[in-house]
Amino acid sequence: MRDTETPEMEVRPTSPENCFASVQKAGRAEGLSPDVVVVDTGQPIIPPLEMRSPQTPEEVDEIYRWTIRNGIIDHHGVDASVLEMPEGGTRRCAAKMVADFPDEVLALIQEKNIKGVSGHIDSDLDSITATYLTKILVDTRSVSGLPKFTQKLGEIVNLVDYGRFGETDPQRFIKSLPGYFGSLKNVLFDKMHAAIGAIWRSAEIPKEEKAGRSKAVSEQFHGELITQMFAIFNACAKAESEGFQINFEDLDTTNGLTFSDEFKELLRIGREKSLTDVEAFNQEFESAEQRRVTIRTKEGANLEVTLLIFGQTKLSPLAVTNMAYMRMPPETIVAVYAGQDRKKGGDNYDIGMKVESLDLFDLTSLEAIFNDAEREKREPILLSLRQKEKEGTLSEEETKLLKTWTTLRPGKEYLGIGDPTVCVAGGSLIAASKTSLLNAEDFRRVVTNFFSK
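Residues 15 to 467 in the numbering used here are what the sequence shown lists, from first letter to last.
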């Protein structure tokens, strides 16, 4: 639909130049130039004690303004420290922080003479959207440079980031802004993981060069995802300036959007995988076990959260975990078992929670319980294999298994030789290697017993 009352005006596209995804999720903003502002990550800024129990929406707004004034456009410190919102108070993701408080963001940009923006590695929709809106303010040095759809954009990204975007129909989902993002990330990150895998498998590349080359590939594809998402936002800004109304819930039917052939092909390929994944996830989500459990927070308080358990997923555990985050609030713990097909890539199981819940609960205690359970199943087999090794009767397959258990297992540098599970992603995810011995029953028993205590 075209808004005939809106006069056409020239809109200059916002460039992704000096926009990065270089900080870990929930990581410290270290090693960056002082003229780069960080969005949706960085060292969390915790509001002072007197601000953590707001009684009015205005007091909530002041918390976010205070956070921006202190230098980082990130909501995780607020999420972790302000456990209850008053009636009418709104939790805000980073993109909505920029949309709602552009004057504070602009003041920060001018004070620090900001020239670049960095989101986090493993970019999500919030990180890139906040990057885009902030970059407009960096380039224009004016709040009036933001498109009219800024508030609408902040709203839909906020729904996604807090697990309240309710579209479950795969065909409708892929037409939405979150669907566009998911499709592009699918295809680009599949290429990234393939390229990094090829580097580590290559016998020609010196071992000491592999980490550096992998980092360069990661930066390349993260940059490409930012570029393609900026193409969407710029197309929307241009269409809006020409009088068209932007519908972020159905970009396919939004008139006035023009994209390059390269973009269209990336979207087409990514959508094929997204459709398959969303359809499979919907079926598994319907049958997943949901229960309310009480956890003890790091501060010693009891907090009721949702535990969501998936068994025998057809997708990768990490993919299921990330899709579940879109349907569930941040205070949800997602546990996913991969099934018995050990030839598939990915983890054997994952237990995760959104990064903004990190200050509520420490996953390392559950990680230790899982490693105890793994060790209990492994030790009798390991003793038998070592006995056979002494006797010289190990088969080729047993030799490979023993070597894998004792020298090649991820996590050994963290929790001792052979432990298959380790906390990654800033401590927000327990990931188990394929050398895990726990079956689906074991997995469910360990999870439910832990949270029943």
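Beta carbons are placed, not taken as given, at the ideal position from N, Cα and C, and that holds for glycine.
DSSP-derived helix/strand/coil call for residue i
{"i": "Val52", "result": "strand"}
{"i": "Val25", "result": "coil"}
{"i": "Asp153", "result": "helix"}
{"i": "Cys33", "result": "strand"}
{"i": "His134", "result": "strand"}
{"i": "Phe258", "result": "strand"}
{"i": "Gly366", "result": "strand"}
{"i": "Ala43", "result": "coil"}
{"i": "Leu97", "result": "coil"}
{"i": "Thr449", "result": "coil"}
{"i": "Leu408", "result": "coil"}
{"i": "Ala217", "result": "coil"}
{"i": "Ala352", "result": "coil"}
{"i": "Leu160", "result": "coil"}
{"i": "Thr268", "result": "coil"}
{"i": "Tyr428", "result": "In this prediction, Tyr428 has a pLDDT of 33, which is less than 50 and means its spatial position is unreliable; what the coordinates show is noted afterwards. Of the three classes helix, strand and coil, the one that applies to Tyr428 here is helix, per DSSP."}
{"i": "Thr70", "result": "coil"}
{"i": "Leu443", "result": "strand"}
Neighbour-count burial assignment, residue i, 16 or more Cβ in a 10 Å radius
{"i": "Asp93", "result": "buried"}
{"i": "Phe457", "result": "buried"}
{"i": "Met99", "result": "exposed"}
{"i": "Arg423", "result": "Caution is warranted here: a pLDDT of 43 is assigned to Arg423, below 50, making its placement in the model unreliable, and the coordinate value is therefore given only provisionally. By the neighbour-count rule (16 or more Cβ atoms within 10 Å), Arg423 is buried."}
{"i": "Gln69", "result": "exposed"}
{"i": "Gln297", "result": "exposed"}
{"i": "Pro331", "result": "buried"}
{"i": "Lys199", "result": "buried"}
Option in the options with minimal Cα separation from residue i
{"i": "Val319", "options": "Asp361, Ala338, Arg26, Thr346", "result": "Thr346"}
{"i": "Arg285", "options": "Gly211, Gly196, Arg79", "result": "Gly196"}
{"i": "Gly10", "options": "Gly133, Lys252, Ser301", "result": "Examination of residue 10 is not possible in this model, given that the chain is present from 15 through 467 alone."}
{"i": "Ile383", "options": "Gln242, Ser447, Lys287, Phe464", "result": "Phe464"}
{"i": "Phe179", "options": "Pro344, Leu281, Glu403, Val307", "result": "Pro344"}
{"i": "Ser450", "options": "Thr407, Glu393, Ser398", "result": "Glu393"}
Sub-8 Å separation of residue i and residue j beta-carbons
{"i": "Tyr351", "j": "Tyr363", "result": "yes"}
{"i": "Thr145", "j": "Val53", "result": "yes"}
{"i": "Phe262", "j": "Lys189", "result": "no"}
{"i": "Val157", "j": "Ile128", "result": "no"}
{"i": "Ile82", "j": "Leu122", "result": "yes"}
{"i": "Glu233", "j": "Leu202", "result": "no"}
{"i": "Leu452", "j": "Glu388", "result": "yes"}
{"i": "Val461", "j": "Ile309", "result": "no"}
{"i": "Leu160", "j": "Ala109", "result": "no"}
{"i": "Met337", "j": "Phe295", "result": "yes"}
{"i": "Ala253", "j": "Leu271", "result": "yes"}
{"i": "Pro30", "j": "Phe244", "result": "yes"}
{"i": "Ile60", "j": "Gly91", "result": "yes"}
Contact test: residue i Cβ vs the ligand PLP heavy atom, cutoff 7 Å
{"i": "Ala253", "result": "Within the structure as shown, the ligand PLP is missing, as the structure has no ligands at all."}
Minimum length 3: unbroken beta strand (DSSP E) runs contained in the stretch 294 to 336: The stretch 294 to 336 contains these whole beta strand (DSSP E) runs: 303 to 310, 316 to 324.
Kindly provide the ranges of any alpha helix (DSSP H) runs that are 4 or more residues long and lie completely inside the stretch 165 to 208, ordered along the chain. Listed in chain order, the complete alpha helix (DSSP H) runs (minimum 4 residues) inside the stretch 165 to 208 are 184 to 187.
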